[in-house]
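Taking it in order: structure first as structure tokens, then the write-up.
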Amino acid sequence: MTALRKLSFDAVVIGGGGAGMRASLQMAQSGFKTACLTKVFPTRSHTVSAQGGITCAIASADPDDDWRWHMYDTVKGSDYIGDQDAIEYMCSVGPEAVFELEHMGLPFSRFENGRIYQRPFGGQSKDYGAGGQAARTCAAADRTGHALLHTLYQANLKNNTTFLNEWFAVDLVRNQDGVVVGVIAIEIETGEVVFVESKATVLATGGAGRIYASTTNAHINTGDGIGMALRAGYAVQDIEMWQFHPTGIYGAGTLVTEGCRGEGGYLINKDGERFMERYAPNAKDLAGRDVVARSMMTEILEGRGCGEQGDHVFLKLDHLGKEILHSRLPGITELSKTFAHVDPVNAPIPVVPTCHYMMGGIPTNVNGQAITQVNGKDQIIPGLYACGEAACVSVHGANRLGGNSLLDLVVFGRAAGIFIEEQLQQGIEYNLASEEDVDRAMGRLNQLDSNDNGEDTAQLKKELQSCMQNYFGVFRDG
């Protein structure tokens with residue numbers, strides 16, 4: 049029998065990124081006792097690395113823009129396997145969610161008329177594909193994720209969200225009725241194991257890109273929420289769907305935003321040819337990410353790659369000029385100098401497709417309620433919610449459009465918060481976890497603590513990353 053310190057909340061959100069903090073804010077501002085449990089300081093969550101912007105039809109760049117056009121692009125970009133009802137919800141609610149962020153103080157870049165700046169991104173069109181390239185991605189220079197996290201963190205502090213910073217969630221706790229009633233967590237600084245009890249538990253733990261050897265993801269992106277759900281016996285969805293961003297810095301994997309191509313940059317092979325004109329004559333370098341990544345790999349495999357090994361291509365930005373690069377893409381200039389040892393004002397950046405985003409995750413509905421399957425039928429998991437990259441509302445299908453990730457975070461983090469808020473107002477009744485329930489959740493941790501032999505986890509991780517990198521990439525056989 050395990051005697052653990054217990055902390056009790058109305059709701060606990062696991063993860064302090066964009067989705068997690070948007071969900072916690074929604075509940076905290078209604079006065080509910082809300083905790084945000086995060087293994088890093090919230091503003092160091094991986095959302096901070098999102099560069100390009102939030103794609104949303106706010107009709108700033110084009111007064112005639114329509115969320116239905118955005119929906120069309122998203123459905124098409126998903127290879128038509130995204131959930132169209134969920135996509136409709138995301139695209140139609142998006143403008144309201146973005147304007148809320150503006151009112152919170154998110155420092156968007158601006159057009160000369162004062163409206164939010166929007167840049168073109170791949171896969172965007174007007175008039176259901178018939179009207180040419182759209183500019184729909186709302187940007188704060190090339191540091192939109194950074195601006196978003198700081199805005200949400202400040203709003204959460206203002207509304208008295210309790211932050212459990214540098215705590216690590218280990219496993220879900222379920223009562224005798226199968227209701228999720230909290231998590232077992234470790235306070236990293238002290239090593240103390242604590243039962244964090246809640247009426248609603250939200251998994252917003254981000255992606256799992258570190259399963260690959262080369263990825264744009266931070267070292268914290270290890271799929272913690274996915275693991276917790278799987279260990280609890282719940283299903284995951286579309287987990288084979290991984291996005292490879294066309295422009296990761298060669299040798300480092302660091303993300304170079306699609307906004308570079310939106311501002312007028314383009315890809316070239318070893319012959320200096322702008323090769324995307326062959327693969328996508330209309331969209332060219334602003335084709336969907338899957339199209340661009342496959343085209344780049346084809347160039348490399350057919351011997352037109354750059355460098356001594358011929359294993360990458362170049363992103364050309366120098367023609368944009370120093371003023372544009374320093375005003376619109378300051379972060380990229382800095383990253384290129386640091387990781388590629390190249391000043392994009394003078395020379396092209398070496399890039400290669402790199403694991404970027406997990407389209408799959410814990411299946412949910414648009415309210416963030418986690419879903420599993422029982423006897424082949426969908427069933428809502430009581431007490432458990434998910435949002436952000438850890439969740440699969442299936443708005444991205446087989447390929448996410450650039451800028452839809454941050455939109456996903458704020459729309460579905462907000463939606464989960466609104467739904468839980470309504471449930472808490474109505475009153476959530478459930479049986480508290482017994483000591484036996486907590487002991488059961490502690491079983492795996494106790495086993496790890498008492499085991500003095502077994503597999504070398506560091507070696508297992510290397511082998512897994514190598515396997516994924518070599519056999520689960522842009523092109524797959526089997």
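According to the numbering used here, the stretch in the sequence shown is residues 49 to 526, in order.
Don't be surprised by glycine CBs; every beta carbon is placed ideally from N, CA and C.
Bear in mind the structure is a predicted one, so any value in this text is a computation, not a measurement.
Please report how far the alpha carbon of residue i lies from the alpha carbon of residue j, in whole angstroms.
i: M49; j: G125; result: At M49 the pLDDT is 46, less than 50, meaning the model places this residue with poor confidence and gives no usable figure here.
i: E437; j: V390; result: 31 Å
i: L303; j: E371; result: 22 Å
i: G65; j: G257; result: 15 Å
i: T103; j: G450; result: 7 Å
i: M152; j: I268; result: 27 Å
i: V414; j: A464; result: 8 Å
i: N394; j: S375; result: 16 Å
i: Q291; j: V221; result: 32 Å
i: A98; j: L55; result: 33 Å
i: S78; j: A71; result: 12 Å
i: L455; j: D500; result: 45 Å
i: L52; j: G408; result: 34 Å
i: L493; j: V218; result: 8 Å
i: N317; j: I259; result: 29 Å
i: V60; j: Y478; result: 16 Å
i: K81; j: G369; result: 51 Å
i: R158; j: I164; result: 5 Å
i: H198; j: G461; result: 16 Å
i: R44; j: F156; result: Because the chain here runs from 49 to 526, residue 44 falls outside it and cannot be looked at.
i: D58; j: I466; result: 14 Å
i: K425; j: V459; result: 27 Å
i: R184; j: Q172; result: 7 Å
i: V241; j: D525; result: 44 Å
i: V146; j: E235; result: 34 Å
i: N518; j: V340; result: 20 Å
i: Q224; j: R92; result: 37 Å
Which residues in the same chain have their Cβ closer than 6 Å to the Cβ of residue i, if we skip the five residues on either side of it in sequence?
i: G239; result: none
i: G273; result: L251, T253 and A438
i: V228; result: L220, R222, T249, G431 and L432
i: V244; result: L55, V60, G230, V231 and A233
i: C139; result: W115, H118 and M119
i: L383; result: T302
i: Y327; result: S343
Could you say which of the options lies nearest to residue i if we only look at CA atoms?
i: S453; options: K174, I164, G193 and F147; result: G193
i: T412; options: Y260, T402, E237 and G431; result: G431
i: N208; options: D504, W215 and L200; result: L200
i: I106; options: P90, C186 and D286; result: C186
i: G310; options: D190, Q473 and G281; result: D190
i: I419; options: I316, K364, R448 and C440; result: C440
i: E144; options: H367, W115 and V231; result: W115
i: C84; options: N213, L377 and M138; result: N213
i: A280; options: Y519, R488, N518 and F523; result: R488
i: K174; options: E160, V242, H367 and H118; result: H118
i: G179; options: N330, E483, F387 and G461; result: N330
i: Y176; options: R167, G162, V123 and P155; result: V123
i: G416; options: P392, S514, S442 and T505; result: S442
i: T263; options: F243, T295 and A277; result: T295
i: A76; options: F89, F169 and K206; result: K206
i: G100; options: D426, M490, M69 and G170; result: G170
i: Y32; options: G353, A328 and Y128; result: Look at the range of the chain in this structure, 49 to 526, and you will see that residue 32 is not part of it.
i: G226; options: A266, R448 and Q427; result: Q427
i: I348; options: S108, E382 and V399; result: V399
i: L73; options: I287, N204 and V340; result: N204
i: D113; options: D504, A182, F211 and T505; result: A182
Would you mind giving the Cβ-Cβ distance between residue i and residue j, rounded to the nearest angstrom? I have them listed as a contact below 8 Å.
i: E325; j: K332; result: 6 Å
i: F216; j: A233; result: 6 Å
i: M276; j: A446; result: Not quite, the Cβ-Cβ distance comes to about 25 Å (not below 8 Å), so this is no contact.
i: I476; j: K247; result: 4 Å
Where do the ends of the beta strand (DSSP E) carrying residue i lie?
i: L251; result: V241 to L251
i: H404; result: I397 to M406
i: S56; result: R53 to I62
i: A182; result: Q181 to C186
i: S173; result: Q166 to S173
Using a Cβ-Cβ distance under 9 Å, would residue i count as near chain E?
i: L52; result: Chain labels in this structure do not include chain E; a single protein chain is all it has.
Hey, could you find the ends of the alpha helix (DSSP H) residue i is sitting in?
i: F467; result: N452 to Q474
i: V486; result: E483 to S498
i: R309; result: G307 to G310
i: I348; result: R337 to L349
i: A67; result: G66 to A76
i: P294; result: Run containing P294: none in the alpha helix (DSSP H); it sits in the beta strand (DSSP E), W290 to I297.
i: N204; result: T192 to K206
In its own chain, which residues sit with a C-beta less than 7 Å from the C-beta of residue i, not counting the 5 before and 5 after it?
i: H444; result: S126, G130, M407 and N452
i: M345; result: P401, V522 and F523
i: T95; result: G65, G66, G193, L196, L197 and L457
Quick one: what's got a C-beta closer than 8 Å to residue i's C-beta in the same chain, skipping five residues either side?
i: Q513; result: R258, I259, Y260 and A261
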